[in-house]
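The opening position of the sequence shown corresponds to residue 1 in UniProt numbering, with each subsequent residue numbered one higher.
Note that beta-carbon positions come from the ideal geometry of N, C-alpha and C, so glycine has one too.
Have a look at the structure below, then the notes.
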Amino acid sequence: MAPADAGSGARRAGGEPPLPLPPPTDMWHIGKLRWFGTLLPVVYVWILPLLANTGFVHKCHNWPRCKSTGASVSDFIANTHATGGMAAVFFFPSLHMWQNVEHIRQHRCVLPTLVAFQLCFGLFLMCPVSEVPSLHGLTVNLFCISALVHYGITLRFCAEHRYRQCQVLLCIAIATFAMIFLLAVISRFDDTFIPQHCPWLFYISEAIGLSSMAVFPMMWYLAQSASGEDGGASSPTRELAAGLSAGHLQS
């Protein structure tokens, strides 16, 4: 059987012929799965208040006027179920970040900032605000800073036709996390002002910031290869599709 030509799939290790890409219909289904995996964390963080009366998420005393900052994502996920859900829904955006970095890992700071972000995100989930509030605040700051630094670095390598969208997402994340920091400072001086006057502001800021962070990895395309891919599909998706096709053929 003649090997497929070089443009038909991702080249495997050892110089073996590239695997054929699946039919366009399969690529379409993979595209739908990518969107599903990207939007899942967005939907999750926004429906947390709706889950407050189900017992799935943590519900503070005097909800939504929780202590210091009012309602927050951190408070909602301060139990086993909701923390596990948070880790699960952010799996795909994290995976996509690692796939994106495969193309630019030779550049300084790209891989270290991603590793730092992944560690800080794990620490954020490991330190619930209801158990270790001081440590939780530290991990939130580290998590936000590492994410913004990593996205800022990878933005330089984004394809031109997606650069503006990614730039907007990064600016939204910066603005919302700055708002979170400002609200946290206000709560240090007056722990009743936010719960009494704007109990949802902290949560809304967190939800917007996390949503923009979840969408950014899927929107990011590598500049030098984005224009020639199937319908704009990113190179990581092509490699994933080739791997899925190979697994199907072997079975």
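| What residue ranges within the segment 67-122 form continuous alpha helix (DSSP H) runs of no fewer than 4 residues, ordered along the chain? | Counting whole runs of 4 or more residues, the segment 67-122 contains the alpha helix (DSSP H) stretches 73-76, 80-89 and 91-101.
| query | Can you tell me the Cα-Cα spacing of A223 and C158, whole angstroms? | reply | Each residue's Cα considered, the two are about 5 Å apart.
| task | Verify whether the separation of the beta carbon atoms of N62 and P217 is less than 9 Å. | result | Not closer than 9 Å, so no.
| request: Spell out the partners DSSP gives L33 in its beta bridges. | output: In the DSSP assignment, L33 forms no beta bridge with any residue.
| By Cβ distance, which residues of its chain are closer than 8 Å to S72, with the 5 residues on each side in sequence left out? | Hits under 8 Å: C66, V129, F202, Y203 and E206.
| said: For L111, which residues in the same chain have their Cβ closer than 7 Å to its Cβ, ignoring the five residues on either side in sequence? | reply: Only V101 and R105 meet the Cβ criterion.
| query | Within the 9 Å Cβ cut-off, does R188 reach chain C? | reply | The structure shown contains no chain C; it is built from a single protein chain.
| request: Give a yes or no on whether the C-beta atoms belonging to residue 255 and I186 are separated by under 9 Å. | output: Because the chain spans 1 through 251 in this model, residue 255 falls outside it and cannot be assessed.
| Span separating the alpha-carbon of T69 from that of V140 | Answer to the nearest angstrom: the Cα atoms are 14 Å apart.
| query | Looking at C-beta atoms only, is the number of pairs between the segment 39-49 and the segment 208-215 that lie closer than 8 Å three or more? | reply | Here the segment 39-49 lies against the segment 208-215, with 3 or more beta-carbon pairs under 8 Å apart.
| task | Could you tell me if S146 is buried or exposed, where buried requires 16 or more neighbouring beta carbons within 10 angstroms of its beta carbon? | result | Flag for S146 reads buried.
| query | What whole-angstrom Cβ distance do A82 and V45 have, given they're in contact under 8 Å? | reply | A Cβ-Cβ distance of about 11 Å is found for the pair A82 and V45, leaving them out of contact under the 8 Å criterion.
| query | Does DSSP put C60 in a helix, a strand or coil? | reply | In this structure, C60 counts as coil in the three-state DSSP scheme.
| request: Leaving aside the five residues before and after F117 along the sequence, list all residues of the same chain whose C-beta is less than 7 Å from its C-beta, in chain order. | output: Correct list, in chain order: S146, A147 and H150.
| So, helix, strand or coil for C144, using DSSP? | Here C144 sits in helix by DSSP.
| Alpha carbon of S235 to alpha carbon of C144, nearest angstrom | Any reading at S235 must be qualified, since the residue scores a pLDDT of 46, below 50, and its modelled position is unreliable; the value itself is stated next. Approximately 27 Å, taken between the alpha carbons.
| task | Could you tell me whether the Cβ atoms of V115 and L169 are closer together than 9 Å? | result | Contact: no.
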